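Numbering follows numbering that gives the first Met the number 0, with no gaps: position 164 of the sequence shown is 163.
Even glycine gets a Cβ: it sits at the ideal position worked out from N, Cα and C.
Fair warning: this is a prediction, and the values are worked out from it, not measured in the lab.
Okay, so here's the structure we're looking at.
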Amino acid sequence: MSLLFKIPGEDNTLYEENRKLSKKFIPTPPILDTDGIKYTPLGKANAFKHSVENFLQENSEPYYNLHINKVNNSVNSYFNNLAISSIPDLISSPEVINLFKKINPRKSTGSDGVPYKAIRMLTFNAVTRLTKIFNKWLILQYFPDAWKIVHVLMFPKRNENRKFPGSYRPNSLLSNIGKLYEKILLKRLNDHCYSKNVIPDEQFGFRDKHSSTHQLF
């Protein structure tokens, strides 16, 4: 009861405490792999690895090479005839700060270990330096390989036997700074595509304020 009086009511602290107290921690049981039961964290990780590799395999159906060649030729022709501007729209510090305000600080941390809470606490000088780095990479058309590394977590599926590795679904966590840079790139790609009419009107999927159901109308 004394704990309740210490919790402020103007924020989400009460809900956070309730979540901590009501959340049940269920450890991962031994995992049954193809060569036996795995008890250690390394053994379980390898079992999950083999399960994901077996599930995400290359399509065994024969490829339609004529269509593939047609698509490749079309893409190569587009890029060969593309007039690339010398300098893209550079990134400003207010743009980065505005992006910081929109992120959810509770999002999980990626492989680099930098949480969103730390990013949102960056000083203006640090944001300015980060903006300069972003602009340099934008001009050089560079994306760091370290940001392509993912931290994979396995979550159990509902109502399935947790001793089998196939009863878990993978969830990939990327670098939070890398995801911010991706949002900046995505905005510029969208602006370019819409201003140059790159995306045909018949394209409804994966477009802002569009969905495949709109195509029915």
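Inter-residue spacing [alpha-carbon to alpha-carbon] between residue i and residue j
i: Lys116; j: Pro87; result: 30 Å
i: Glu181; j: Leu152; result: 22 Å
i: Ser171; j: Pro40; result: 18 Å
i: Tyr38; j: Lys162; result: 11 Å
i: Ile90; j: Ile183; result: 8 Å
i: Tyr77; j: Leu188; result: 15 Å
i: Gln140; j: Pro93; result: 22 Å
i: Val126; j: Leu137; result: 16 Å
i: Thr212; j: Asn71; result: 29 Å
i: Pro26; j: Ile132; result: 42 Å
Own chain, CB closer than 6 Å to residue i, minus 5 neighbours either side, in chain order
i: Trp146; result: Ser174 and Gly177
i: Ile198; result: Cys192
i: Ser107; result: Leu172
Residue i, DSSP secondary structure in three states
i: Tyr180; result: helix
i: Val197; result: coil
i: His191; result: helix
i: Ile36; result: strand
Run of the beta strand (DSSP E) containing residue i, from where it starts to where it stops
i: Ile30; result: Ile30 to Asp32
i: Pro155; result: His150 to Pro155
Beta-carbon proximity list for residue i, same chain, < 8 Å, skipping 5 on both sides
i: Ile118; result: Phe99, Ile102, Asn175, Ile176 and Leu179
Checklist entry - Can you list the alpha helix (DSSP H) stretches of 4 or more residues lying completely in the segment 122-148, in chain order? => result 123-139
Next on the checklist: Going residue by residue through the segment 47-116, where are the continuous alpha helix (DSSP H) segments of at least 4 residues, counting only ones entirely within it?
Outcome noted: Runs found: 64-79 and 92-101.
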